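Residue numbers (the numbering used here), protein chains in the order written: chain S, 1 to 401; chain G, 402 to 802; chain Y, 803 to 1179; chain B, 1180 to 1556. Notes for the one structure printed next.
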Amino acid sequence: MDLQLAPEEVAFRDEVRTFIRDNLPPNTRDRMRLGYKPSKPEIIAWQRILNAKGWATFNWPREYGGPGWSAIQRMIFLEENLSAPAPELLSFNITMLGPVLIQFGTEEQKRRFLPRAANLDDWWCQGFSEPGAGSDLASLRTAAKRDGDHYVVNGQKIWTSTAHHADWCFCLVRTNPQAPKRQEGISFLLIDMKTPGVEVRPIISIDGSHHLNEVFFTDVRVPAENLVGEENKGWSVAKYLLGNERTGIARLGISKAAIRRTKEVAREVRMNGRPLIEDKAFRIRVAQLEVEAKALEIMQLRVVSAFEKSGGKKPDPLSSVLKIKGTELLQNSSELVMDVGGPQAMPVWQQELAALTNEPALAPDWAAQMAPAYLMLRAASIYGGTNEIQKNILNKAVLEL
Amino acid sequence: MDLQLAPEEVAFRDEVRTFIRDNLPPNTRDRMRLGYKPSKPEIIAWQRILNAKGWATFNWPREYGGPGWSAIQRMIFLEENLSAPAPELLSFNITMLGPVLIQFGTEEQKRRFLPRAANLDDWWCQGFSEPGAGSDLASLRTAAKRDGDHYVVNGQKIWTSTAHHADWCFCLVRTNPQAPKRQEGISFLLIDMKTPGVEVRPIISIDGSHHLNEVFFTDVRVPAENLVGEENKGWSVAKYLLGNERTGIARLGISKAAIRRTKEVAREVRMNGRPLIEDKAFRIRVAQLEVEAKALEIMQLRVVSAFEKSGGKKPDPLSSVLKIKGTELLQNSSELVMDVGGPQAMPVWQQELAALTNEPALAPDWAAQMAPAYLMLRAASIYGGTNEIQKNILNKAVLEL
Amino acid sequence: MDFDLTEDQRLLTESVVRLLGDTYSFEQRKQMLSLPNGYSERLWRQYAELGLLGLPFAEDFGGFGGGPVDVMLLMQAFGRHLVLEPYLATVVLSGTALRLAGSDAQQAEIIPAIVSGKTTLAFAHYERQARYDMTDVLTAAKHQDDWLLDGAKSVVLHGDTADQLLVSARTSGERDDPQGLSLFMVDASSPGITRHGYALRDGSRAAEISFSSVHLPTEALLGEQDNALPVIERVVQAGIAATAAEVVGGMETLQAMTLDYLRTRQQFGRPIGENQALQHRAAEMLVNLEQGRSMAMLATMMLGEPDPAERARNISLAKVGVGQAGRFVSQNAIQLHGGIGMTDEYAAGHFFRRIMVFEHLFGDIAYHLDKLADDID
Amino acid sequence: MDFDLTEDQRLLTESVVRLLGDTYSFEQRKQMLSLPNGYSERLWRQYAELGLLGLPFAEDFGGFGGGPVDVMLLMQAFGRHLVLEPYLATVVLSGTALRLAGSDAQQAEIIPAIVSGKTTLAFAHYERQARYDMTDVLTAAKHQDDWLLDGAKSVVLHGDTADQLLVSARTSGERDDPQGLSLFMVDASSPGITRHGYALRDGSRAAEISFSSVHLPTEALLGEQDNALPVIERVVQAGIAATAAEVVGGMETLQAMTLDYLRTRQQFGRPIGENQALQHRAAEMLVNLEQGRSMAMLATMMLGEPDPAERARNISLAKVGVGQAGRFVSQNAIQLHGGIGMTDEYAAGHFFRRIMVFEHLFGDIAYHLDKLADDID
């Protein structure tokens, strides 16, 4: 047993860190350090830089252009990218669609979609959740009826992240409503978002951002060649996708960046007439977050290492522990950042700033994204299976109660 | 709406405080301040002093010797007694058996038992729980079979507090095993602990104390005149007893005494070369406990006041809130006291102290009872309906989920 | 001790509940957000007609002569609907300053205008660099022939539309000096004042206000020169009590929405509220709500406490208690709602954000725990 | 990075698991508690035969040449059974001091006696007034012809039966001075030593030890005069790592007992483990257990970290993490057991108390959070 990173792993981390430092556009980095989310062009630009380097397909097999990294290297790469902070790879393309096509796709589908997904020439989104099918995904009702060499799709998806940016959508649809079990009769379909009958309506989140959407399908004709895997066997494709390696599930890099940021800003604001950073109670709160971050870091290494040892076959139920603790830390660290900002974190400055470019700064630039980050991260314990669902998983898979 | 104590209530509090200060035996007070539990003679002596004053029966109707206090006066009295700290009135006698006999007892039973219960001439204990009947009390199995003018009792009770001190026990027994519902066929019986066939076996608690017992009944003959209420209707007697006014349920006085004590001892121990009381992080922990104590104090006033307004009829479901927050505070404050003691709180000193009376003190006298109090109070969230059961009650009675 | 409402309080509460029930649905409120002032002037007039704007003022000045409990009941009702009008800024904060520090002449001039709904006020005290420190005032007023005011105030609630500003300024002493502060009543349209209005995260309005050589007449001074801190403290305490009551109202609505959602939302063929883990969470929310309610009551009652140390201490206890309760209830309300709770279209997130904003006014949990810690004997 | 056990580690673990499985049932342990020493000398000899007592010592001195991970695995197994023998005191604490500070001659003399099970040691450093402060040493040693030792040590683990005591004493400087401490190896039977043995709350033994003009030969000095603090710090760090592993073992047993109880205990006609609220609590216990396990691994690995600041910092992180996990798991284990968990007859309470005792050795959560807070840049 040896918990240190091996020298070659440290060297790898330094290589990644250096590459990101030297190649990440400075504008993107500076805005993200202030907590702004990257724009669509920034995300595309950065993924293309990584793809040119051969790293965008970090988790794909070598024969499909992957770099052939170990699980630990993959983890290091993701964490370094997050804590830079740099835009994340578009997970719909890289960790979802890619592995699914490699496992289930036809040669034609692979040839047609994989390189464009890697280079973000196509922006993909995920059409899974429906208004009546959240945690209970198998109750989905969007229907796809075979009509010659097409499927005709009708129904509605919800919580569709970045659908308004997307060129394509991979969807779960019901192809056999008469199937005896709800999980049967579902198919996995690739839908061109420019097809007539596809309508995207924005959902504005409580942080004021437009990230989520509703997607309506009305008599949308999808060529039958866009079916992935067998008809009515889409549930196993979806299970493969959802059960896939969850290396980055804790998103520890984001929390680490938040802890760093809370200390930086605490040097600039005061408490009792002294810099807040000197306040003992504040320092104890930071120390507590650092305890959580360190525990998560070790836990993550353990899970990744076990995944590697199992030959990448067995999804570890302890990844539910990572999800729970990871999201708690995301929420607690973003909360502390906001508390440091205090009243200055409360205004919605954006419109005003845009209208007043020649005025002196209306607010400290560190304050603008504190509350949005905190608000947005309330969703962390909801998406990808709520933390309550994660406890049910632990209960079934580990505790056997 | 007026949240202050009225002047006459303040005067009442001062009267109680003065009486306790002037009449509580100094030895008892000093030992209890160090966290020791009062001995049987100390409990008896103090209850007799209060009974002579007319206060021991603080919650009984005037015609049975009660002082005729309002709910708020009763609360003030109990809190002052706890935070003195003075021994508590024996609740089996005063808040359980007394009201039950007054409501359901025969004249003969009242005449025979009430004055002796008030003066602690008889020490009562409660025979409710059984090994298979904890939270699920109605599944109890101790049997009482009618035989002429006696009942013959066979079975086992458990968690019987102070049974080893007790002269009498009020018991739930099953008199009709064929009753269609489990709650029917139960009777409420008074059993003389000196009757042949009663055997008390100690249960030692994790704090090392002997407080709990198992009580075994083997062919114990109990005169039929000792039945309270109707045969097979004991469940309604028990429900009356358990649903009775729970004024003191939060036991706030104990927590307040613990908070006071943690500050006292923190003056005597060091952290970073200074008195611990000067450590900011410690002070924040104390402040947080004071927030909880204050909230509980107001909540208790609200519940007691509502109880008073309802004419003492309706048990308030919010008393479950008092139970939950009250026990959390008991546990958190005893934990902080122990943390202040640190390593000095870890030894079991008693035997050694007893053997070494002529030696210099083996340990600071404030340290001896810190861990026992903490350990003993782990039970606070278990007895009287676990905190999980309290949440079920809130769910049913208030939330209606 | 008495937790019952008086007949007057019952009537007041009923009329407010009726008014808000008719006028303050979530959809109606959304429209008010886009009004020029960020609130409804029509409703402001209705508040005046109902006597709400005169609630805490003496009858001599046209007020209703009500006490802190009356204001608490009103703010709690406001909190249930996320009311947008500048009641806190005008009546609670500025009103408290006027009542405590205003001369009879000043009160006679301005209070009737408040009561009738003609004039709104904002309390401009905190500055950008000060965070929660009450004595960190860099805005300065110099007395020559008249007063000359220079400086800037930050996150001034409803400062964008207020007719009059109550401005704290240093008239002597250094930064952080508890002595040397004074309060001034300033016409918001005075030359040299620049205001940038904006929305806070909960949709309510605030402003950055700067003062550049603003001339004030001698009689603009409100209360004692150099000794405004005790007044400012009581204004802040009144703000804490009022926002605590609003948070309680907000928690009540959130709790009701959450229970409703748990009862109706189906997953795996049954209401999610049948999950015991969620039932227990809802019970813990109730525990927190009742804890917060108790602490809001404490803050209200303590506004009348004569001993300043005792008053400050209890109000800090209350701010911490309400803050922690609000955090727990609002965070779990979103969690139990799942995705829908994260959307701007749904009311829960708006309550969440108001509770978040209030937590960061007048000192947050850490600030008041710090005060309490200092105070331990 | 590698979490797998080596073949040697696997074999070690298996033999220990077998031995403890045979000898350390709860009932067997109860009998050992009443032995004169408070532990089994017979088992101590068996540990020697298995090579456990030589685990971390160099092969030159008859040791096994194992590393921190080997000790961690052993302590974790000990923790699952609440082992009573003085392994922590003799091998971990005193052994670390000997390895770091002992001359070759000292090591050659004493280590073989430890390895063979002939000699037990205790590490007598903390004093009653010091609480967790490592430099608050009032015990003093003066050098004349030989050393003259005066003072008192408190809560010395297994100090009642140890043959040799490693005693820290001030040889120069004032109270709290980080310089001026020295370590001495003291025969426990020396004239002038008084020992009062007692049980700690978990049943393990400790002692108050006083020294009154105890004469020590010059060669009793262990390591550098006046500069023992770095050694003491590493001894304490080794103690933290070892007890962290024991706490993990204890949590494992508690978790297993709790799950078993949830599955079998019936209330209202079904196992209480069917309550989702209790299932989620058990899941949270698992989360804490895994968190604590990770932190115990961290502490172990950091024992070899050469940078003292980095080592101290990470070990403080680990102590806090294990402390909080242990508290959560042990408190909830009792809660989920209900009444039976409160009884001395049942094993859960014994695990609870060992975790409680370990939390209050070598600095508690607050102490180490304080160190971490000081360290923030």
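Where a beta carbon is used, it is the ideal one built from N, C-alpha and C, also for glycine. These figures come from a predicted structure and were not determined experimentally.
In or out: E976/Y buried (at least 16 other Cβ within 10 Å) or exposed?
exposed
Under 9 Å by beta carbon: chain B residues contacting S606/G:
When 9 Å is used as the limit between beta carbons, S606/G is near these residues of chain B: M1521, T1522, D1523 and G1528, in chain order.
What does A238/S reach in chain B if we use C-beta pairs closer than 7 Å?
Under the 7 Å cutoff, chain B gives no residues; its nearest Cβ is about 25 Å from A238/S.
Under a Cβ-count criterion, where at least 16 other Cβ atoms within 10 Å of its own Cβ denotes burial, should A910/Y be classed as buried or exposed?
exposed
Any beta-carbon of chain S closer than 9 Å to the one on K681/G?
yes
With burial defined as no fewer than 16 other Cβ atoms inside 10 Å of the residue's Cβ, what is the status of L813/Y: buried or exposed?
Exposed.
Measuring only between beta-carbons, confirm whether D1454/B sits less than 9 Å from chain Y.
Note that residue 1454/B corresponds to Asn in the displayed sequence, not to Asp. It does: the Cβ of N1454/B has a partner Cβ on chain Y nearer than 9 Å.
Per the DSSP calculation, S588/G is bridged to which residue(s)?
V574/G
Three or more C-beta pairs under 8 Å: does that hold for the region 640-659 of chain G against the region 468-485 of chain G?
yes
If contacts are defined as beta-carbon pairs under 8 Å, then V670/G and V741/G qualify, I think. What distance do you get, rounded to the angstrom?
Here V670/G really is in contact with V741/G; their C-beta atoms are around 6 Å apart, less than 8 Å.
Which residues does DSSP pair with I1162/B in a beta bridge?
With chain B covering 1180 to 1556 only, the question about residue 1162/B has no answer from this structure.
Please identify, using Cβ separations under 9 Å, the residues of the region 370-389 of chain S that lie next to chain Y, in order along the chain.
A371, P372, Y374, L375, M376, R378, A379, S381, I382, Y383, T386, N387 and E388
Does any CB atom of chain Y fall closer than 9 Å to the CB of Q1446/B?
Q1446/B is outside the set of residues whose beta carbon lies under 9 Å from a beta carbon in chain Y.
Can you look up M271/S in the DSSP assignment and give me helix, strand or coil?
strand
Measure the alpha-carbon distance for E130/S versus V1033/Y and round it to whole angstroms.
Computed Cα separation, rounded: 56 Å.
From the DSSP output, in three-state form, read off Y841/Y for me.
coil
For A915/Y, name the three-state secondary structure that DSSP assigns.
Here A915/Y carries a helix assignment [DSSP, helix/strand/coil].
Candidates N428/G, L435/G and V722/G: which alpha carbon is nearest P442/G's?
Comparing Cα positions, the closest option is N428/G.
Within the 9 Å Cβ cut-off, does V1536/B reach chain G?
yes
Looking at L1540/B and M739/G, is the spacing between their C-beta atoms short of 9 Å?
no
Using a beta-carbon distance below 9 Å, is H1017/Y in contact with chain C?
No chain C appears in the structure shown, which is made up of the protein chains S, G, Y and B.
Please go through the region 71-127 of chain S and give each complete alpha helix (DSSP H) segment of 4 or more residues, from N-terminal end onward.
71-83, 98-104 and 107-118
Reduced DSSP category for W456/G - H, G, I as helix; E, B as strand; rest coil
coil
Below 7 Å on C-beta distance, what does Y934/Y contact in chain S?
G342
Determine contact between the region 958-976 of chain Y and the region 924-943 of chain Y, defined as no fewer than three beta-carbon pairs at a distance below 8 Å.
yes
Under 8 Å Cβ-Cβ, which residues of chain S neighbour G1552/B?
For clarity, residue 1552/B is Ala in the given sequence; the question names Gly instead. Within chain S, the residues near A1552/B are K280, R283, I284, V286 and A287.
Going along chain G in order, which residues have a C-beta closer than 8 Å to the C-beta of V819/Y?
The premise fails here: V819/Y is roughly 17 Å from chain G at the closest Cβ pair, so nothing lies under 8 Å.
Check whether the region 213-230 of chain S and the region 148-167 of chain S touch, using three or more Cβ-Cβ pairs below 8 Å as the test.
yes
Note the first and the last residue of the continuous alpha helix (DSSP H) segment covering T922/Y.
Per DSSP, T922/Y belongs to no alpha helix (DSSP H) and is neither H nor E.
What whole-angstrom Cβ distance do I1513/B and F1531/B have, given they're in contact under 8 Å?
With 8 Å as the limit, I1513/B and F1531/B qualify as a contact, their Cβ atoms being about 6 Å apart.
Give a yes or no on whether the minimum CB-CB distance between A258/S and chain Y is below 9 Å.
A258/S does not count as touching chain Y.
Figure out for me which residue from S734/G, G630/G and R661/G has the closest Cα to the Cα of S484/G.
R661/G
9 Å Cβ cutoff met for A143/S and P177/S
In this structure, A143/S places its C-beta atom within 9 Å of the C-beta atom of P177/S.
Measuring only the C-alpha atoms, how far is A811/Y from L875/Y?
Residue identity differs from the one stated: residue 811/Y is Gln in this sequence, not Ala. C-alpha of Q811/Y to C-alpha of L875/Y: approximately 8 Å in a straight line.
Mapping the DSSP letters down to three states, classify Q981/Y as helix, strand or coil.
coil
Let's see if you can read the secondary structure: which residues bound the beta strand (DSSP E) around I605/G?
Where I605/G is concerned, the enclosing beta strand (DSSP E) stretches over V599 to I605.
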